[in-house]
Structure formats: structure tokens, C-alpha cells
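Single-structure report; data block below.
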Amino acid sequence: MTELGSRLRSGDRRALAQAITLAESTRSEHRLQAEALLVELLPFTGGSQRVALSGPPGAGKSSLVDALGAQAIARGKRVAVLAIDPASLETGGSLLGDAVRMQQLAAVEQAFVRASSNAGTLGGTAPATREAILLCEAAGFELVLIETVGVGQAEQAVRDVCDTLLVLTLAGGGDEVQALKRGLLEVADAVLVNKTDGAGEASALAFAAELGSALALLRPRSEPHVAAVSALSGLGVVELLAWLDARYRAEQGSGQLAARRQRQLERAFRTAISRELLEHARSEPRARELLPELQRAVADGRLLPTAAARQLATSLFGAEA
Ligand code: GDP
């Protein structure tokens, strides 16, 4: 095993950070190093609960991750937090505050906190996150919390790398309507109403009850878990952890966990194939010439996207399949 690999296996957090940096790098030699490292570490992966937490800015994601992580650590687990900023590098920077807010986790040995702006990574957001999760698992972390801002498409990407998607929302402020519109609630495994404390407690409890009935109607066959929580007071945090553990064990026992991870791998493979083929097309002289022409034809409505893609494939590989 490589030196970085064995340091990472021993739980060295600096080695883990270094490995994730490699996986996120835009340089192709780093990409190859990351892939070689992942191959040697693959036998030691797969053993964590992969839990994503999404929600609008200010909903309390970082605070809840901190509270949840601290509680898991109190139960003897090692916890890794991957805060993923789906936004571009220019608008990124909000993440800096995240580590500051995760004060309980930042202070302990059993936690690893990493903020990433994945804009511009070679493989894209989802692959880099998938690899970061695997690296955390190889380093012995048993709970991997993936925090992401709920801005729409990010959920699809994060859903493809996690076992459980938690969506955090707030009572009032029209936020519930927005969340519904984004379709967030339709894909969540659990919907959590945060800030159920102080002056907001009663309205948060009422809203959670309302959401519970609404979602029971909206998703009769896949009703999500709905709970009122408070990252501040800790209300519902122990229960949330218990729910996560129970779900993990049940899905492990029934084979659902393995089946979902298998489907995620298949999708990742298909996405990687498309990306690689497109990259090759861009470096192929004939295709490079053809690509902008086809793009214009599609934009002008002279060609259907499917037909244009077929023409490109034919020019690359010869006769149609
Ligand atoms: P994020 O943007 O979703 O990560 O939200 P933060 O965790 O940064 O929290 C945003 C603000 O809400 C901060 O000022 C937190 O102190 C506050 N906050 C977070 N959780 C709670 C909670 O459970 N109750 C109350 N009252 N405030 C909270």
C-alpha cells in the first residue's frame, strides 16, 4: 500500500484531507493518483451510513450537523462531515462559516470536517463527493454527513451518493411553499422542521404536523419521516439518530441498501461514460469542427438534439450502430 494509503487507513485526518484534495483536483496527474489510491482503498469502503442534509440557507444545516455529529460521537462513532457547495467558486465562500459553526465537531478527534466548492473539479460534483465518501470510509468514519444547500439540482446529485436524504425546512416565511415547489420534499427520506424552540416552538410543531399530513397524501407509498427538531436545544436530535440507525439496519437486512448503492454505481458509470465520450469528442479534430455546427443547428431548431448527437457519434465511430 502507498504511504498516503496506509496513513489514511490508520485514521490520519491530514492524510484524508490530502486524499480528498487529490480527488477534487483539476489536474489529470492528480486524478490518476486519486484513482490509484481509491483502487487500493476500495476493499475498506462501504461501511458507513451516508446521510445527506439539504435545505435553504439559514435553515440551520450546519447547526444540526454539529448537534447530530456530536451526539453520534457521544455514542462512540467517528463522524465525517462533507459540506458541498454546489455554487461556483465566485459565489462560494459561505462555507468558510460552516466550519466555524460546527464548533463541537471542529474540536474533537473523532470528527473530520471538510468544506468543498466542487466547481471546476475534473469529474464534477457528484463523482468528487462519491470519492470523498469512500475515502472517509477507508479512514474509519462510520457516519458521513453530506451537507448541501438546497438550490434544486444539487439534491439530485447528492441523492445519487447518499443512503438517506434529510431535508431541513422552517415554519413560516413562505419557505414551505418554496420547498414544495423545488420538489425537495418529494425526494426526501425525512423532512425536519428546525428551530422548534423559544418563540417559534408552537408554530414549528403545528407546521410539522401539517407537513406530515400533506406528505402522507402526496406520497402515500413512500411517506417520509417528518419530525420537529431544534439544533439549538437538541430537541429531536437523539430521536433522529435513532431513526437513522434503525433505517440503516433495516435496509442492510433487507438488501435495500446494497441495491440502492448498486443503482447509484450504475448511474455513475453511465454519467462517466457520457462525460468521457464528450471529452474525447472535443479533442478529436473532426468532431471538434462538427460540434459547434451541430450546436448551432440544434439552437436554431434545424436539428433535433437526438439527431445531432447521432451525427456526432457517426462522425466519431463511423457507421450507425
Ligand atoms: P445553514 O445556513 O442552513 O447552515 O444554517 P446555520 O446552521 O448557519 O444557522 C443559521 C442561523 O440559524 C444561525 O444564526 C443559527 O444560530 C440559527 N439556528 C440554527 N439552528 C437553530 C435552532 O434550532 N433554533 C434557533 N432558534 N436558531 C437556530
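So for the sequence shown, this note's numbering puts the first residue at 10; every next one is plus one.
Glycine is no exception: its CB is placed at the ideal position from the N, C-alpha and C atoms.
No experiment lies behind these values; they were computed from the predicted model shown.
For A61, the enclosing beta strand (DSSP E) starts and ends at Q58 to G64. The criterion of a C-beta distance shorter than 8 angstroms is not satisfied by E140 and S57.
Annotation for E38: the continuous alpha helix (DSSP H) segment containing it runs S37 to L50. Residue pairing of R123 in beta bridges, as defined by DSSP: L91. In this structure, the C-beta of G69 approaches the ligand GDP to less than 7 angstroms from one of its heavy atoms. By the CB criterion at 8 angstroms, L114 and A137 fall outside the cutoff.
Taking 8 angstroms as the cut-off, the beta carbon of D172 is found no closer than this to the beta carbon of E298. Beta-bridge pairing by DSSP links H234 to A199. By a beta-carbon distance limit of 8 angstroms, A217 does not contact A240. Their separation comes to about 15 angstroms. In terms of CA proximity to A124, M111 leads the group E118, M111 and A116. A Cβ-Cβ contact shorter than 8 angstroms links L50 with L143. Between the beta-carbon of A81 and that of L193 there is about 24 angstroms, and that puts the pair past the 8 angstroms contact cut. In this structure, the C-beta of K204 approaches the ligand GDP to less than 7 angstroms from one of its heavy atoms. For E118, no beta strand (DSSP E) segment is defined, and its DSSP state is neither H nor E. Listed in chain order, the non-local C-beta contacts of G69 below 7 angstroms within the same chain comprise L177, N203, K204 and A240, local neighbours out to five positions each way being set aside.
Remark: C-beta atoms of V153 and L77 do not approach each other more closely than 8 angstroms. Here A61 is not near L224, since their CB atoms are 8 angstroms or more apart. The residue from A43, G149 and A197 with its alpha-carbon nearest to that of Q165 is A197.
With contacts defined as CB atoms closer than 8 angstroms, A213 and A180 qualify as a contacting pair. In this structure, L17 keeps its C-beta atom at 8 angstroms or more from the C-beta atom of A120. In the DSSP assignment, T157 forms a beta bridge with S63 and I93. The Cβ-Cβ distance between L46 and A26 does not fall below 8 angstroms.
Taking C-beta separations shorter than 6 angstroms and ignoring five residues to either side along the sequence, the partners of E156 in its chain run L62, K70, V74 and A92, following chain order. If you draw a straight line from the Cα of G20 to the Cα of G209, it comes to about 41 angstroms.
Note on geometry: alpha-carbon atoms of P301 and G221 lie some 50 angstroms from one another. As the crow flies, the alpha-carbon of A24 is around 11 angstroms from that of L31. Measuring C-alpha to C-alpha distances from A116 to each of R279, A89 and R269 identifies A89 as the nearest. DSSP places T30 in the uninterrupted alpha helix (DSSP H) bounded by R22 to E33.
If you draw a straight line from the Cα of R258 to the Cα of Q265, it comes to about 10 angstroms. Counting only the Cα atoms, H289 lies some 32 angstroms from V158. In the DSSP assignment, the residues bridged to L152 are Q58 and V88.
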